[in-house]
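Undergrad:
Protein chains: 2
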Amino acid sequence: MARDPARQTEKRDAKANAAEKAVYELAGEIEKDIVEALAEGDFGRVKDFVGSLHYADAADLLERLSPEERHLLVEVIRADFDPEILSELDDAVRDGIIEQLGIEEAAAAVAELDSDDAVQIIEELDEDEQKQLLEAIPAGDRTLIEASLAYPEDSAGRLMQRELVAVPTYWTVGETIDFMRRSAERADDAMPDIFYDIFVVDPTHKPVGSIPLSRLLRTTRPVPVTDILESEMKLIPAVMDQEEVAFLFRRRDLVSAPVVDDGGRLVGAITVDDVVDVIDEEHEEDIMRLGGVSEDDLYDAAVKTTRSRFSWLLVNLCTAILASVVIGYFEGTIDQIVALAILMPIVASMGGNAGTQTMTVAVRALAMKELTPTNAMRVIGKELLVGGINGVLFALLTGAVAWFWFGDAIIGLVIALAMIINLVVAGLAGTTIPLMLERSGIDPAVASSVLLTAITDIVGFAAFLGLAAWIIL
Amino acid sequence: MARDPARQTEKRDAKANAAEKAVYELAGEIEKDIVEALAEGDFGRVKDFVGSLHYADAADLLERLSPEERHLLVEVIRADFDPEILSELDDAVRDGIIEQLGIEEAAAAVAELDSDDAVQIIEELDEDEQKQLLEAIPAGDRTLIEASLAYPEDSAGRLMQRELVAVPTYWTVGETIDFMRRSAERADDAMPDIFYDIFVVDPTHKPVGSIPLSRLLRTTRPVPVTDILESEMKLIPAVMDQEEVAFLFRRRDLVSAPVVDDGGRLVGAITVDDVVDVIDEEHEEDIMRLGGVSEDDLYDAAVKTTRSRFSWLLVNLCTAILASVVIGYFEGTIDQIVALAILMPIVASMGGNAGTQTMTVAVRALAMKELTPTNAMRVIGKELLVGGINGVLFALLTGAVAWFWFGDAIIGLVIALAMIINLVVAGLAGTTIPLMLERSGIDPAVASSVLLTAITDIVGFAAFLGLAAWIIL
């Protein structure tokens, strides 16, 4: 019997595809297999599976498991727990695992990491745990970590790696390469495993310039390093906020940059992989704050999540009551024309949505430093115009619907006028609120949406009911 | 008279600070100076100023100017226009400038860029302009650019750089370094200016492994490249979506990765700076879509912005009318108890906000691949619990307020019950809507919030008014 080669190829392709998928993200099947083996108590298979995973995938797996499964899995892989897994975990999950491992084991794991990753883990612990963990780390590593921890939270000093390559100004390319090769052969090699630039420093250890490795490699040995260095490199003060660092990396397409202390001396280097994490963090903060959540709480316990969301909802309850007070002011009007009660949410809702559109663009533009005092007036003017045009369009639409629905042209007119007013107000509030918050030093993402909907609700109800009272009654 | 040294230091510090600030972002003063010089017609000074700026800052400046000022500035710097500026501009602004420069000049500028930057500019043009521009580009560059453009939009093929360093498996470290040095001396050097990894390929040009430059530099000359290569490198198919590429870079802390064609042959390399742009783009998309905006339209003309925002508002008008229809169903009830009309927006508003909190976390978790089929049920369960707890808390609060306000315990009871129902529904809808959209292949960020508020509005009004009709009447 002839075999069907097409069929065979297909099968092989499917297998190749599955394998390829597994390369880029943790495949569902692998996850299922591990959970199954865990449930069956086949710990040998679990160990083999997890051992074959990249540490980022192993961290992902741990996050997705239920707390009970996670606890069990950690016990199973405890003996050969890859320290790198810790640096990839979500805070809530990592806390639990560090507790489970105990101080001694956790400290041993942290000590194996690069200084920047170690700092990133330790800074999230509470003070007591920090102290205990640091005490359990060997003195040499501890000093490096403590020096970084001395810099403010979210600063370049916390982000930087202490391990870097610095050479004096009087060296040649050849001497630099020989130095690096010799260091690689030594047991106490203090150079990072992967780096992208080397730094040239003067006798006081102040950076004079940087040299991308690709340039170093393509230059002949006798050339002095000073001939090929990039003197226009950006120095990052160790106290600089990490958001500024991210802005700089993004703006200048950097992969690494030197960090200097108060005296301008080279103390570390920041690499782009850490900056990508900062960018993600920043994004998360923006999107969460706009949605009224303090942080991504996917892995937090229900009680903690409830508590963190409560305060935002409480603020919203107050503004909602305020809007109701405005409605209450027109109790008599509604009592006479109940159609007003039916229609009034439309005006408020449209204002809220139009305002949210404008506000979203403004908050994002502020975060990306695109909206500045120079163009603020122009942007506000444009948003007023957009609000006006859309206001007129939706006034016609909504007015027609209301007229048709209640057979009353005056009600149509009232809702049309209220719509124009509220959409123009929405455009104005959507730009000015974030701008004013930014100017007062408050993150516009935190408070913009609550203020905005308070205004569009109140103006929406007041304009609609007020106009009705005035025109109809 | 003694000079005041403290005063002097302060002054010097202020100057140093200003200079330092200018390094990281375009300082307001420089911007002002340029605008002033432009208005005064002092074009020599304008040229000097702009010439001293980094191209990213020059692009920033152009974006912030009014359309008239921008036009004038482009004329002034036209003779020595830095092509790199084009790749840093917002689409709307770039379009205008390319039109102003004309096809010939624009093509000459684009031809000077790396292939990935050129592709990024050309792909945004409309078909006619694309054709004209491509025709004006020298044949060699054109072929490279057209090959990239043949890959789908937002694919790895569009993102990659064609320039890269690939060496055969039988070379040593020394041969590799010599090859790179020789190439650097040739006029037709086809290697990129900056790169981070070299790739080792077999005779069919399939990548066998990658070598980080730092490792190459630290290895002695006689070592074969196959001894130090990273064989577990991630191959990126040229058709892979850029979001997947970003996920991979982020997950594995990559700075560059090889791109392969259908046949597995090396065709280009993607570097992290382009991936950072993708991450920013992705985030912008998420945040804009959640806010009901199709894209960041800060630099678009008012008419274009109005049009793009109209459709979203139209959808919202429909759902708002639907909610009003629900209210209309209880016209009789409101007619008897006008207090209901006053209080009803509170229930709807709280549901909308609680649902938005949950939805924001869910949409972000889906985007970051943290929310998966494995943990979906657990997350939904948790959100129901959170909704229930907050529902009870806010039921007590709101019930008390309503009771006190209208002196009627029954109204307090009705609003309390409606609040619990709506917050639980909000928790359920906030998780299930994004999950269902994702499963149907729709970006959850696009449609989640409109569906969510439709549900929380309708349930909020229906529960409150329905309970009132049932309990009170």
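Protein sequence lines, in the order shown, are assigned to chains A and B. Under this note's numbering, the first residue of the first sequence carries the number 1, and numbering increases by one thereafter. Under this note's numbering, the first residue of the second sequence carries the number 1001, and numbering increases by one thereafter. Just so you know, even glycine gets a beta-carbon here, dropped at the ideal spot from N, CA and C. Note that the structure is a prediction, hence the values are computed from the model and not measured.
CB A:PHE247 to CB A:PHE330, shorter than 9 Å?
TA: No; because the gap between Cβ atoms is not below 9 Å, this pair is not in contact.
Undergrad: Indicate whether at least one CB of chain B lies closer than 9 Å to the CB of A:GLN120.
TA: It does not: the Cβ of A:GLN120 has no partner Cβ on chain B nearer than 9 Å.
Undergrad: Out of curiosity, what's the CA-to-CA distance linking A:ILE236 and A:ILE270?
TA: Between A:ILE236 and A:ILE270, the C-alpha separation is close to 9 Å.
Undergrad: So, using beta-carbon positions, are B:ALA1166 and B:MET1240 closer together than 9 Å?
TA: Against a cut-off of 9 Å, the Cβ pair of B:MET1240 and B:ALA1166 comes out as no contact.
Undergrad: In chain order, what residues of the segment 178-204 of chain A put their CB closer than 7 Å to some CB of chain B?
TA: Residues passing the 7 Å Cβ filter: MET180, ARG181, ALA184, ILE194, PHE195 and TYR196.
Undergrad: Counting only C-beta atoms, is B:ASP1090 closer than 9 Å to chain A at any point?
TA: For B:ASP1090, the answer is yes, since a Cβ of chain A falls inside 9 Å of its Cβ.
Undergrad: Check whether the segment 1280-1296 of chain B and the segment 355-375 of chain A touch, using three or more Cβ-Cβ pairs below 8 Å as the test.
TA: Verdict: yes, contact present.
Undergrad: Among B:ALA1426, B:GLY1466, B:ARG1439 and B:ALA1463, which one has its Cα closest to the Cα of B:LEU981?
TA: Residue numbering for chain B in the displayed model covers 1001 to 1473; residue 981 of chain B lies beyond these limits and cannot be assessed.
Undergrad: Skipping 5 residues on each side, what residues in its chain have a beta carbon closer than 6 Å to that of A:ALA429?
TA: Only GLY355, LEU452 and ILE455 meet the Cβ criterion.
Undergrad: Quick check on this structure: which residue in B:ARG1250, B:VAL1260, B:ASP1297 and B:LEU1254 has the alpha carbon closest to the alpha carbon of A:GLU281?
TA: When each option's Cα is compared against that of A:GLU281, the closest is B:ARG1250.
Undergrad: Quick one: which unbroken beta strand (DSSP E) runs of 3-plus residues sit fully inside the segment 258-307 of chain A? Chain order, please.
TA: Runs of the beta strand (DSSP E) inside the segment 258-307 of chain A: 266-271.
Undergrad: In three-state terms, what does DSSP make of A:VAL167?
TA: In this structure, A:VAL167 counts as strand in the three-state DSSP scheme.
Undergrad: For the beta strand (DSSP E) containing B:GLY1430, name the first residue and the last one.
TA: Where B:GLY1430 is concerned, there is no enclosing beta strand (DSSP E), although the alpha helix (DSSP H) it sits in stretches over 1409-1439.
Undergrad: Indicate whether B:LEU1061 and A:LEU397 have their beta-carbon atoms separated by less than 9 Å.
TA: No, Cβ-Cβ distance for B:LEU1061 and A:LEU397 is not below 9 Å.
Undergrad: Measure how close the beta-carbons of A:MET233 and A:PRO258 come, nearest whole angstrom, since I'm counting them as under 8 Å.
TA: Rounded, the Cβ-Cβ distance is 7 Å, consistent with contact.
Undergrad: Answer with buried or exposed for B:ILE1122, where buried requires no fewer than 16 other C-beta atoms within 10 angstroms of its C-beta.
TA: The residue in question, B:ILE1122, is buried, as its Cβ has 16 or more Cβ neighbours within 10 Å.
Undergrad: What residue range is occupied by the uninterrupted alpha helix (DSSP H) comprising A:ASP114?
TA: Run containing A:ASP114: none; DSSP gives neither H nor E here.
Undergrad: Return the first residue and the last residue of the beta strand (DSSP E) that A:PHE199 is part of.
TA: Taken as a continuous stretch (DSSP letters only), the beta strand (DSSP E) holding A:PHE199 covers 197-201.
Undergrad: Would a C-beta distance cut-off of 9 Å place A:THR219 and A:VAL208 closer than the cut-off?
TA: For A:THR219 and A:VAL208, no; Cβs fall outside 9 Å.
Undergrad: Which stretch, first to last residue, makes up the beta strand (DSSP E) that contains A:ILE211?
TA: Its beta strand (DSSP E) spans residues 207-212.
Undergrad: Which residues mark the beginning and the end of the alpha helix (DSSP H) in which A:ASP178 is found?
TA: A:ASP178 -> alpha helix (DSSP H) spans 173-185.
Undergrad: Could you spell out the range, first to last residue, of the alpha helix (DSSP H) harbouring A:THR487?
TA: With chain A covering 1 to 473 only, the question about residue 487 of chain A has no answer from this structure.
Undergrad: Are the beta-carbon atoms of A:GLY412 and A:GLY399 separated by less than 9 Å?
TA: It is a contact, given that the beta carbons lie within the stated cut-off.
Undergrad: Can you give me the start and stop residues for the alpha helix (DSSP H) that A:GLY157 sits inside?
TA: Residues 156-159.
Undergrad: Could you please give the first and the last residue of the uninterrupted alpha helix (DSSP H) stretch that includes B:ILE1077?
TA: Looking at the DSSP string, the run of the alpha helix (DSSP H) that includes B:ILE1077 is 1067-1077.
Undergrad: Of all the CB atoms in chain B, is at least one closer than 9 Å to the CB of A:ALA66?
TA: Reading off the sequence, residue 66 of chain A comes out as Ser, not Ala. Yes, contact with chain B.
Undergrad: Which whole-angstrom value describes the C-beta separation of A:VAL58 and A:ILE85, a residue pair presumed to lie in contact below a C-beta threshold of 8 Å?
TA: Sequence check: residue 58 of chain A is Ala here, not Val. Sure, about 5 Å apart at Cβ, within 8 Å.
Undergrad: In chain order, what residues of the same chain have a beta carbon less than 8 Å from the beta carbon of B:ASP1141, not counting five sequence neighbours either side?
TA: Cβ neighbours of B:ASP1141 beyond the five flanking positions: ALA1111, SER1115 and ALA1118.
Undergrad: Considering only DSSP beta bridges, list what B:SER1256 is partnered with.
TA: Bridge partners of B:SER1256: B:THR1271.
Undergrad: Could you name the residues that DSSP lists as bridge partners for B:ILE1030?
TA: DSSP output for B:ILE1030 lists no bridge partner at all.
Undergrad: Could you check what DSSP says for B:PRO1224 in three-state terms: helix, strand or coil?
TA: B:PRO1224: strand per DSSP, three-state reduction.
Undergrad: Quick check: what's the CA-CA separation for B:THR1432 versus B:ASP1197?
TA: So the two alpha carbons sit approximately 43 Å from each other.
Undergrad: So which residues on chain B does A:PRO345 lean against when the C-beta distance must stay under 9 Å?
TA: Within 9 Å Cβ-Cβ: ALA1320, ALA1323, SER1324, ILE1327, MET1344, PRO1345, ALA1348, ASP1457 and PHE1461.
Undergrad: Is the shortest distance between the beta-carbon of A:MET359 and the beta-carbons of chain B less than 9 Å?
TA: Answer yes: the Cβ-Cβ gap between A:MET359 and chain B drops below 9 Å somewhere.
Undergrad: Among B:GLU1029, B:PHE1195, B:ARG1221 and B:LYS1206, whose alpha-carbon lies nearest the alpha-carbon of B:PRO1212?
TA: It is B:PHE1195 whose Cα lies nearest to the Cα of B:PRO1212.
Undergrad: Residues of chain B with a CB under 8 Å from the CB of A:TRP312: which are they?
TA: Those within 8 Å of A:TRP312 in chain B are ASN1353 and GLN1357.
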